[in-house]
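Asker: Please read through the structure below; I'll follow up with questions.
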Amino acid sequence: MATSSENMTSTSVDNANTDAIKDLAGSDSQQQSTSTGDTGSVDTTAVLTATSGTSGDDNIVVLPDAHYVGGSGADNFILHDAGHYKIDDFNASQGDKLDFSKYGLSREELTSRVTNIKIEADNLIVNFGDNVEITLAGVHPGQISWDDVVVDHGGKGPGGKDDHGGKGPGGKDDDHGGKGPGGKDDHGGKGPGGKDDDHGGKGPGGKDDDHGGKGPGGKDDDMVVKVQAAKMMIMAVKAQAAKMMIMAVKAQAAKMIMVVKVQAAKMMIMAVKAQADQAAKVMTMVVKVMVVINMSTLVLMNIAKVTKEQIILCSMIWATGKLTNIMAKKEICWTSPDMV
Numbered sequence: 019m020a021t022s023s024e025n026m027t028s029t030s031v032d033n034a035n036t037d038a039i040k041d042l043a044g045s046d047s048q049q050q051s052t053s054t055g056d057t058g059s060v061d062t063t064a065v066l067t068a069t070s071g072t073s074g075d076d077n078i079v080v081l082p083d084a085h086y087v088g089g090s091g092a093d094n095f096i097l098h099d100a101g102h103y104k105i106d107d108f109n110a111s112q113g114d115k116l117d118f119s120k121y122g123l124s125r126e127e128l129t130s131r132v133t134n135i136k137i138e139a140d141n142l143i144v145n146f147g148d149n150v151e152i153t154l155a156g157v158h159p160g161q162i163s164w165d166d167v168v169v170d171h172g173g174k175g176p177g178g179k180d181d182h183g184g185k186g187p188g189g190k191d192d193d194h195g196g197k198g199p200g201g202k203d204d205h206g207g208k209g210p211g212g213k214d215d216d217h218g219g220k221g222p223g224g225k226d227d228d229h230g231g232k233g234p235g236g237k238d239d240d241m242v243v244k245v246q247a248a249k250m251m252i253m254a255v256k257a258q259a260a261k262m263m264i265m266a267v268k269a270q271a272a273k274m275i276m277v278v279k280v281q282a283a284k285m286m287i288m289a290v291k292a293q294a295d296q297a298a299k300v301m302t303m304v305v306k307v308m309v310v311i312n313m314s315t316l317v318l319m320n321i322a323k324v325t326k327e328q329i330i331l332c333s334m335i336w337a338t339g340k341l342t343n344i345m346a347k348k349e350i351c352w353t354s355p356d357m358v
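Numbering (my numbering), first residue to last: 19 to 358.
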């Protein structure tokens, strides 16, 4: 089985595929080229333009608006233009790769162009602006990472300019890396203190370059980062909504308290007014009674010749509704002082 580095650096991919892509529109051949290994056997990593791969490891040129099936083996799906691409059996666990090297972008440059990642009808859909959309049937974000993506070996990634690897700190690269200080490497060179993997390796501080590698501190997985960022955004929105709800409840409670206070004040004023009215009525009645008593006293003292004390007593009895009974018995009222 050919490794990813062999697929990306073999003549059949890097050289013959360039001409094959130029002739795709008028080509009806399923296999653009083949390469022969040391044993004389046919290499199954030859570039295919059919929508279905073989049972081995295939390099398949993917055209827009068609469904592609790589079959078994580690398949390299080569994308090179604008359009909507659909791959029905992408399986990173068996070594399948998405090859973006024809766009001439490094991993960092390609990452910066990702505008949307979503799951729709159990398919993973990745958008690079409005012009490139890739649909991977049955794939979820956790089933693919940047280790499953092939990008331009050089591009202009951070850390240097090169054809197939760039420059490591303190070391001069040739076409496929060469040696940097401190070690020998296959495709990328070794920086001081760092271990290489296939296409980039580790430099001091854990920064990845072209084809991944791991930097100290974790695996670079753009999709996982985006999912985590989305979760954090949702949590922030929920927290903000909760704060706004609490503020709204407090404001409403303050309004209700103010209404209750105003209502209580009105009721207090009404109660005071009612009490004042009642007191005024009682006072008026008292004044009237006093007037009647005074007038009755004067009249009776002059006419009936009764004492003032007798008149007051009769007035009080009259005021309580008992005057009639007492007058019937002729006990006090309208009698001479000698009768008492």
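We put the beta carbon where it would ideally sit given N, CA and C, even for glycine.
Give me the Cβ distance between S90 and S73, rounded to the nearest whole Å; I'm assuming they're in contact under 8 Å.
Answerer: Here residue 90 corresponds to residue number 72 of the sequence shown, with the count starting at 1. Here residue 73 corresponds to residue number 55 of the sequence shown, with the count starting at 1. Right, their Cβ atoms sit about 5 Å apart.
Asker: Considering only residues of the same chain and omitting the five flanking positions on each side of A155, which have a CB-CB separation below 6 Å?
Answerer: Position 137 of the sequence shown, counting from 1, holds the residue named residue 155. Only D106, N141 meet the Cβ criterion.
Asker: Between which two residues does the alpha helix (DSSP H) harbouring T129 extend?
Answerer: Position 111 of the sequence shown, counting from 1, holds the residue named residue 129. Taken as a continuous stretch (DSSP letters only), the alpha helix (DSSP H) holding T129 covers 125–130.
Asker: By the 10 Å Cβ neighbour count, where 16 or more other Cβ atoms means buried, how is L316 classified, buried or exposed?
Answerer: For the purposes of this step, residue 316 is taken as residue 298 along the sequence shown, with counting starting at 1. So L316 counts as exposed.
Asker: Which whole-angstrom value describes the C-beta separation of A84 and K104, a residue pair presumed to lie in contact below a C-beta threshold of 8 Å?
Answerer: On the sequence shown, residue 84 is found 66 positions in, with the first residue counted as 1. On the sequence shown, residue 104 is found 86 positions in, with the first residue counted as 1. At roughly 7 Å, the Cβ-Cβ gap stays under 8 Å, so A84 and K104 are in contact.
Asker: Need the endpoints of the beta strand (DSSP E) that N145 sits in, please.
Answerer: Position 127 of the sequence shown, counted from the start, is the residue given in the question as residue 145. That run of the beta strand (DSSP E) goes 141–146.
Asker: In angstroms with no decimal places, state the Cα-to-Cα distance between N320 and M301.
Answerer: Here residue 320 refers to the residue found at position 302 of the sequence shown. Here residue 301 refers to the residue found at position 283 of the sequence shown. The alpha-carbon atoms of N320 and M301 are separated by roughly 29 Å.
Asker: Give the single residue among E138, S119, A139, M303 whose Cα lies nearest to the Cα of D166.
Answerer: Walking along the sequence shown from the start, residue 166 turns up at place 148. Residue S119 is the option with its Cα nearest to D166.
Asker: If you draw a straight line from the alpha carbon of F95 to that of E151, how long is it in whole angstroms?
Answerer: Residue mapping note: residue 95 aligns to position 77 of the sequence shown, counting from 1. Residue mapping note: residue 151 aligns to position 133 of the sequence shown, counting from 1. If you take the alpha carbons of F95 and E151, they lie about 14 Å apart.
Asker: Classify I162 as buried or exposed, calling it buried when 16 or more other Cβ atoms lie within 10 Å of its own Cβ.
Answerer: Counted from its first residue, the sequence shown places residue 162 at position 144. I162 comes out buried.
Asker: Let's test the definition: count the other Cβ atoms within 10 Å of the Cβ of Q328 and tell me whether it reaches 16, buried, or not, exposed.
Answerer: Here the question's residue 328 lines up with position 310 in the sequence shown. Buried: at least 16 other Cβ atoms inside 10 Å.
Asker: From A297 to K291, what does the alpha carbon distance come to, in whole angstroms?
Answerer: Here residue 297 corresponds to residue number 279 of the sequence shown, with the count starting at 1. Here residue 291 corresponds to residue number 273 of the sequence shown, with the count starting at 1. Cα to Cα, A297 sits roughly 10 Å from K291.
Asker: Suppose the cutoff is 6 Å on Cβ atoms and the five residues either side in sequence are ignored; what does the same chain contact list for V168 look like?
Answerer: Position 150 of the sequence shown, counting from 1, holds the residue named residue 168. Counting only Cβ-Cβ distances below 6 Å, and skipping sequence neighbours, we find M26, K115, D117, S119.
Asker: Mind checking who H85 pairs with in its DSSP beta bridge?
Answerer: In the sequence shown, the residue the question calls residue 85 occupies position 67. Answer is K104, bridged to H85.
Asker: What are the partner residues of N109, as DSSP defines its beta bridges?
Answerer: In the sequence shown, residue 109 corresponds to position 91, counting from 1. In the DSSP assignment, no residue is bridged to N109.
Asker: For N312, which of helix, strand or coil comes out of DSSP?
Answerer: One-based indexing of the sequence shown puts residue 312 at position 294. Three-state DSSP puts N312 in a helix.
Asker: Which residues mark the beginning and the end of the beta strand (DSSP E) in which A92 is found?
Answerer: Numbered from its first residue, the sequence shown carries residue 92 at position 74. No beta strand (DSSP E) contains A92, which DSSP labels as neither H nor E.
Asker: Between the beta-carbon of T153 and the beta-carbon of I143, is there less than 8 Å?
Answerer: Sequence index remark: in the sequence shown, residue 153 carries index 135 (1-based). Sequence index remark: in the sequence shown, residue 143 carries index 125 (1-based). Between T153 and I143, the CB-CB gap stays under 8 Å.
Asker: By the three-class DSSP mapping on this structure, what secondary structure does D117 have?
Answerer: Position 99 of the sequence shown, counting from 1, holds the residue named residue 117. DSSP places D117 in strand when its eight states are reduced to three.
Asker: Can you tell me which of the three DSSP states N134 falls into?
Answerer: For the purposes of this step, residue 134 is identified with residue 116 of the sequence shown, where counting begins at 1. Of the three classes helix, strand and coil, the one that applies to N134 here is strand, per DSSP.
Asker: How would you label A100, buried or exposed, when you count the other beta carbons within 10 angstroms and need 16 or more for buried?
Answerer: Counting from 1 along the sequence shown, the entry for residue 100 is found at position 82. Answer is exposed; the Cβ neighbour count stays below 16.
Asker: Can you tell me whether DSSP reads A155 as helix, strand or coil?
Answerer: Within the sequence shown, the letter at position 137 stands for residue 155. Strand, per DSSP.
Asker: Excluding the 5 residues flanking K299 on each side, which residues of the same chain have their C-beta closer than 7 Å to its C-beta?
Answerer: As a working mapping, residue 299 is identified with position 281 in the sequence shown. None.
Asker: Leaving aside the five residues before and after K197 along the sequence, list all residues of the same chain whose C-beta is less than 6 Å from its C-beta, in chain order.
Answerer: The sequence position of residue 197 within the sequence shown is 179, counting from 1. Note that K197 has pLDDT 43, beneath the 50 cutoff, so the model's placement of it is unreliable and the number below is only indicative. Nothing listed; no residue qualifies.
Asker: Going by CA-CA distance only, name the one from M286, M276, I135, V157 that's closest to A247.
Answerer: The sequence position of residue 247 within the sequence shown is 229, counting from 1. Checking every option, the nearest Cα to that of A247 belongs to I135.
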